[in-house]
Amino acid sequence: MRISVRRQLPLERIKNFFEVSLGLSKEEAEKEAARCLQCKNPPCVKGCPVGIDIPSFIKLIKENKPKEALAKIKEKNNLPAICGRVCPQEDQCEAMCVLNKKKIPINIGALERYAADYGQAQRHEPVLGKEKAGVKIAIVGSGPAGLTCAADLAKMGYEVTLFESLHLAGGVLMYGIPEFRLPKKIVQGEVDYIKTLGVKVAADTLIGNTYSIDDLFKSGFKAAFVATGAGLPQFLGIPGENLGRVYSANEFLTRVNLMKAYKFPEYVTPINIGKKIAVIGGGNVAFDCARVSLRLGRQVVLVYRRTENEMPARKEEIENAKEEGVPFKTLTQPVKILDDGKGFVKGLECIAMELGEPDASGRRRPVPVKDSNFVLDVDTVIVAIGQNSNPLLPKVTPEIKTNEDGTIPVDENFMTSMTGVFAGGDIITGADTVISAMGAGKKAALAIDKYIRDGS
Ligand code: FAD
Ligand code: SF4
């Protein structure tokens, strides 16, 4: 039988921001690891975007060698404590596991987390890079793409500086994903590990404003990697979106997570929300907003225009939200946010939808049902329908071309239209996943190394 992670009970966890998933004990991890068949041509590895040697690290866990298991994972993945918590393994490595035939794939994510947490519990031994080549590389943005690229380049011996506009490194891992899914001390632990590799972190530094890309080259950087992510919120474009108590998911989550609004009065970050919140969307971001709202003691309803089957959020998060009692209002499209006469939200007018033919994404297109308008009684609306690429840097750097949707096009070596400037992660793909951003960071590090060695 597959061993699942223990979790805080729903009625308890909605009253706190502590991590929901409690991970595996040593005995559970070793028992789960013992189920692995150690396949000769392991399909799970092909399902991992960064190619972790999954059977080898699982075998080391089975042999009670978590430290060695972690070292094995770190050959390919610099952020295992994070991936073990938030990667969609059910669509990746676990989806490829041969034991799927019996519907009991190995719980690879939980085992990765087990090894990583063991590693973080140990004191970090400083990992020295190779002899420094004296070549300086700038990384712009410290999300998973930037952190991974920085770590890999540091391991190759480069002098890497990570520039981050916010006051803490980590990108969405730090400001977006809530504490109860990804504790910030875990993210900080991974950032600290990367610092032990020699990476310097320059926080509170907005590239394109504090310094331009040209300034970086003038001050001796030989190449730059742009990993600025997709942090520009999308809105619905319906009447009433400018009312008070309408939030973008980004603003709401940043105030709660990074600025610690949930720790009031210890932290004094203001967050003006009412008692009844509608969260619009069906992805991970929408679920995070809904579950944060619950923990802030508010009533919440999740409004989604398709059905639960089409929701892009991770299955585990949908299950967690259901257990916690988040109601879903599916096949529902908001059409207007109502004004209370004082400039604040009084309700959300919606129209019922039904599913029609599949659209370009393969999901069935929602179609409005005539004369089916109704009003949801809410006083706060959080819009979580997606994010676009951060526009600032390309806007002030005309040499970096962009696509119509704001993403930055790159060649097969991750180089942008500006020589020596590479890019990867959500800024080139649009909003995607942690592991795909990490995969881009790894490939870009190799490409930057080749660019430097070939004599730029
Ligand atoms: P980001 O993580 O967005 O980091 C970009 C960084 O660049 C930010 O810190 C930003 O402040 C900084 N920056 C931007 N412009 C500048 C500049 N000009 N100068 C300096 N710094 C700059 N993915 C999953 O796989 N699983 C999940 O469960 C999951 N949940 C999510 C929940 C939320 C709420 C959100 C928002 C996303 C979630 N994702 C999830 C998606 C995932 O987090 C992103 O795909 C991933 O973080 C992208 O990484 P990145 O490195 O490209 O960019
Ligand atoms: Fe183990 Fe499954 Fe990978 Fe085979 S496919 S090595 S059983 S995790």
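If you use the working numbering, the sequence shown corresponds to residues -2 to 453, in order.
Just so it is clear, CB atoms sit at the ideal spot from N, CA and C, and this is done for glycine as well.
Every value quoted in this text rests on a predicted model; they were computed, and no experiment measured them.
Whole-angstrom distance between residue j and residue i, CA atom to CA atom
| i | j | result |
| --- | --- | --- |
| residue 471 | residue 53 | Outside the modelled stretch of the chain, which goes from -2 to 453, sits residue 471, for which no answer is possible. |
| residue 132 | residue 16 | 40 angstroms |
| residue 442 | residue 69 | 20 angstroms |
| residue 80 | residue 403 | 27 angstroms |
| residue 271 | residue 134 | 46 angstroms |
| residue 427 | residue 450 | 30 angstroms |
| residue 55 | residue 432 | 19 angstroms |
| residue 259 | residue 57 | 40 angstroms |
| residue 436 | residue 429 | 12 angstroms |
| residue 405 | residue -2 | 45 angstroms |
| residue 238 | residue 331 | 11 angstroms |
| residue 228 | residue 60 | 43 angstroms |
| residue 174 | residue 325 | 21 angstroms |
| residue 185 | residue 170 | 10 angstroms |
| residue 78 | residue 224 | 21 angstroms |
| residue 356 | residue 27 | 45 angstroms |
| residue 298 | residue 244 | 15 angstroms |
| residue 445 | residue 230 | 30 angstroms |
| residue 235 | residue 335 | 11 angstroms |
| residue 204 | residue 216 | 14 angstroms |
Near ligand 2: residue i beta-carbon under 7 angstroms from a heavy atom
| i | result |
| --- | --- |
| residue 36 | yes |
| residue 95 | yes |
| residue 39 | yes |
| residue 46 | no |
| residue 102 | yes |
| residue 52 | yes |
| residue 80 | no |
| residue 105 | yes |
| residue 49 | no |
| residue 347 | no |
Unbroken alpha helix (DSSP H) run spanning residue i, endpoints
| i | result |
| --- | --- |
| residue 7 | 7 to 10 |
| residue 71 | 63 to 71 |
| residue 193 | 181 to 193 |
| residue 279 | Where residue 279 is concerned, there is no enclosing alpha helix (DSSP H), given that its DSSP letter is neither H nor E. |
| residue 199 | Where residue 199 is concerned, there is no enclosing alpha helix (DSSP H), although the beta strand (DSSP E) it sits in stretches over 197 to 199. |
| residue 215 | 210 to 215 |
| residue 83 | 77 to 83 |
Assigned exposure category for residue i - 16 Cβ within 10 Å defines buried
| i | result |
| --- | --- |
| residue 416 | exposed |
| residue 263 | exposed |
| residue 109 | buried |
| residue 18 | buried |
| residue 267 | exposed |
| residue 391 | buried |
| residue 13 | exposed |
| residue 478 | Residue coverage of the chain in this structure runs from -2 to 453, which leaves residue 478 outside it and unanswerable. |
| residue 212 | exposed |
| residue 421 | buried |
| residue 151 | buried |
| residue 424 | buried |
| residue 123 | With a pLDDT of 49 at residue 123, under the threshold of 50, the modelled position of that residue is not reliable, and the figure given next carries that caveat. Answer is exposed; the Cβ neighbour count stays below 16. |
| residue 206 | exposed |
| residue 374 | exposed |
| residue 218 | buried |
Terminal residues of the beta strand (DSSP E) in which residue i lies
| i | result |
| --- | --- |
| residue 336 | 329 to 336 |
| residue 347 | 342 to 355 |
| residue 365 | 361 to 365 |
| residue 244 | 243 to 245 |
| residue 219 | 218 to 223 |
| residue 134 | 133 to 137 |
| residue 294 | First-last for residue 294: undefined, no H or E at that position. |
| residue 379 | 377 to 380 |
| residue 371 | 371 to 373 |
| residue 143 | It is not in any beta strand (DSSP E) - residue 143 instead sits in the alpha helix (DSSP H) that spans 141 to 153. |
Residue i Cβ short of 7 angstroms to ligand 1 heavy atom set
| i | result |
| --- | --- |
| residue 281 | yes |
| residue 158 | no |
| residue 311 | yes |
| residue 174 | yes |
| residue 84 | yes |
| residue 390 | yes |
| residue 446 | no |
| residue 183 | no |
Near ligand 4: residue i beta-carbon under 7 angstroms from a heavy atom
| i | result |
| --- | --- |
| residue 278 | The model depicted lacks ligand 4 and carries ligand 1 and ligand 2 instead. |
Segment contact flag, the stretch 368 to 385 with the stretch 272 to 280, C-beta cutoff 8 angstroms, min 3 pairs: yes
The stretch 383 to 403 touching the stretch 185 to 202, judged by at least three CB pairs closer than 8 angstroms: no
Sufficient close CB pairs (3 or more, under 8 angstroms) joining the stretch 161 to 173 to the stretch 132 to 144: yes
At least three beta-carbon pairs within less than 8 angstroms, the stretch 285 to 293 to the stretch 241 to 255: yes
Cβ pair count under 8 angstroms reaching 3, the stretch 343 to 359 against the stretch 311 to 320: no
At least 3 beta-carbon pairs within less than 8 angstroms: the stretch 83 to 99 vs the stretch 40 to 48: yes
The stretch 295 to 310 contacting the stretch 354 to 370, beta-carbon criterion three pairs below 8 angstroms: yes
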